[in-house]
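For reference, each letter of the sequence shown is one residue, going 173 to 364 in our numbering. Worksheet: the structure to be examined is printed underneath.
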Amino acid sequence: MDAPETTPVASARTRILDAAERIVQAKGVGGLTLDAAARGAGVSKGGLLYHFASKEALIGGMLERYAEFCSASFDATVARQADGPGRVARAFIAWAFGEEETSPGTEQTDRLAAVCLAAFHHDPALLDPMRAVAARMKADLLADGTPMGPALAVLTASDGLFMAHIFRLYHHTEAERAALRATLEALLESAS
Numbered sequence: 173m174d175a176p177e178t179t180p181v182a183s184a185r186t187r188i189l190d191a192a193e194r195i196v197q198a199k200g201v202g203g204l205t206l207d208a209a210a211r212g213a214g215v216s217k218g219g220l221l222y223h224f225a226s227k228e229a230l231i232g233g234m235l236e237r238y239a240e241f242c243s244a245s246f247d248a249t250v251a252r253q254a255d256g257p258g259r260v261a262r263a264f265i266a267w268a269f270g271e272e273e274t275s276p277g278t279e280q281t282d283r284l285a286a287v288c289l290a291a292f293h294h295d296p297a298l299l300d301p302m303r304a305v306a307a308r309m310k311a312d313l314l315a316d317g318t319p320m321g322p323a324l325a326v327l328t329a330s331d332g333l334f335m336a337h338i339f340r341l342y343h344h345t346e347a348e349r350a351a352l353r354a355t356l357e358a359l360l361e362s363a364s
C-alpha cells in the first residue's frame, strides 16, 4: 500500500522567519515583536525564543537567510552566462533587468528590501551578512576581466535600478529600460 502524499511542513525556524518578514513588510520594524512573530508562525513565544533570543537575533536571522539566498542566486545567475570576460557583469545586467528570482520587482526582492531597511533602522550592524555578499559580488565583478570603469558602471546602474524600485523614486518605461540595457551591453562589448 502506498503511503499518502503529504506536504512537508516548514520547520519552526523557517515559519518564524517567514512570519517576521511578512510583519516587517506590512508594518515596518516597529510592528515586529517577538509575540507577533510567534503568533504569525503558529509557535509559542518559548518556541520562538529557542531559535531567536531577541528581536535583534530575529532580524539577524532574516538577513542571514537572505544573504545565503542572494549569494546562491548570484552564483546561479553567473553560471548561466557565457564563459569569458564580462561574465559577472552580464549577470549583473540580467539581474537588474528582471531575468532573475531576485531581480527588482519580484516578491523576494521586495521582502529583502523591507528586511534590509528594517535592519538598517534598528541596528546597521545587522546588515553585515548582506554587506559581505555584496562585497564578494563586487570583487567577483572586478576580477572577471572587464575593465574597472565599465564594470563599475554596470554595478552602479544595477544598484540604481534596485534603489529606484525599492524607494519608488521613478519608473522607467520599457523603452527607457531597453535603451539603458542596450547602452550597458554596448559598454561591455566595447570594453572586451
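A virtual CB, placed ideally from N, CA and C, is assigned to each residue, including glycine.
Original post:
Which class does R259 belong to by DSSP, given the choice of helix, strand or coil?
Top reply: In the structure shown, the three-state DSSP call for R259 is helix.
Original post:
T249: buried (16+ other C-beta within 10 angstroms of its C-beta) or exposed?
Top reply: The residue in question, T249, is buried, as its Cβ has 16 or more Cβ neighbours within 10 Å.
**OP:** For the alpha helix (DSSP H) containing H294, list its first residue and its last residue.
**Re:** From DSSP, the alpha helix (DSSP H) with H294 extends over E279 to H294.
Original post:
Going along the chain, which residues of its own chain have a beta-carbon closer than 6 Å to the beta-carbon of A213, five neighbours each way excluded?
Top reply: R187, I188 and A191, listed in sequence order.
Original post:
What alpha helix (DSSP H) runs, 4 residues minimum, are completely inside the stretch 182-261?
Top reply: Considered as a whole, the stretch 182-261 harbours 184-199, 206-213, 217-223 and 227-251 as its complete alpha helix (DSSP H) runs of no fewer than 4 residues, in chain order.
**OP:** Measure how close the beta-carbons of D316 and A254 come, nearest whole angstrom, since I'm counting them as under 8 Å.
**Re:** Not confirmed; about 12 Å, so no contact.
Subject >> 6 Å Cβ shell around P301 - same chain, five flanking residues per side excluded >> reply: Excluding residues within five positions, the ones whose Cβ falls inside 6 Å are L235, E236 and A239.
Original post:
Is the CB-CB distance between L206 and L220 below 8 Å?
Top reply: Taking 8 Å as the Cβ cut-off, L206 and L220 qualify as a contacting pair.
Original post:
Who are the near neighbours of R259 in its chain, counting only those whose CB is closer than 7 Å to its CB and skipping five residues on each side?
Top reply: So the qualifying residues of the chain are V250, Q253 and D316.
**OP:** Please report how far the alpha carbon of G270 lies from the alpha carbon of G256, in whole angstroms.
**Re:** Roughly 22 Å between the two C-alpha positions.
Subject >> For L352 and A329, believed in contact at Cβ under 8 Å, the rounded distance >> reply: That pair is a contact at about 7 Å.
**OP:** Look at the alpha carbon of M173 and the alpha carbon of L313, and state the distance between them as a whole number of angstroms.
**Re:** With a pLDDT of 46 at M173, under the threshold of 50, the modelled position of this residue cannot be trusted; read the value that follows with caution. In this structure, the CA atom of M173 is about 54 Å from the CA atom of L313.
Original post:
Beta carbon of L333, beta carbon of A268: below 8 Å?
Top reply: When the beta-carbon positions are compared, L333 and A268 come within less than 8 Å of each other.
Original post:
Distance, Cα to Cα, V196 vs A323?
Top reply: Rounded to the nearest angstrom, the two C-alpha atoms are 34 Å apart.
**OP:** Measure the alpha-carbon distance for Q280 versus G233 and round it to whole angstroms.
**Re:** Take the alpha-carbon of Q280 and the one of G233: they are about 16 Å apart.
Subject >> Distance CB(R283)-CB(E193) smaller than 8 Å >> reply: In this structure, R283 places its C-beta atom within 8 Å of the C-beta atom of E193.
Original post:
If you count every other CB in all the chains shown that lies within 10 Å of the CB of T345, and 16 or more means buried, which is it?
Top reply: The residue in question, T345, is exposed, as its Cβ has fewer than 16 Cβ neighbours within 10 Å.
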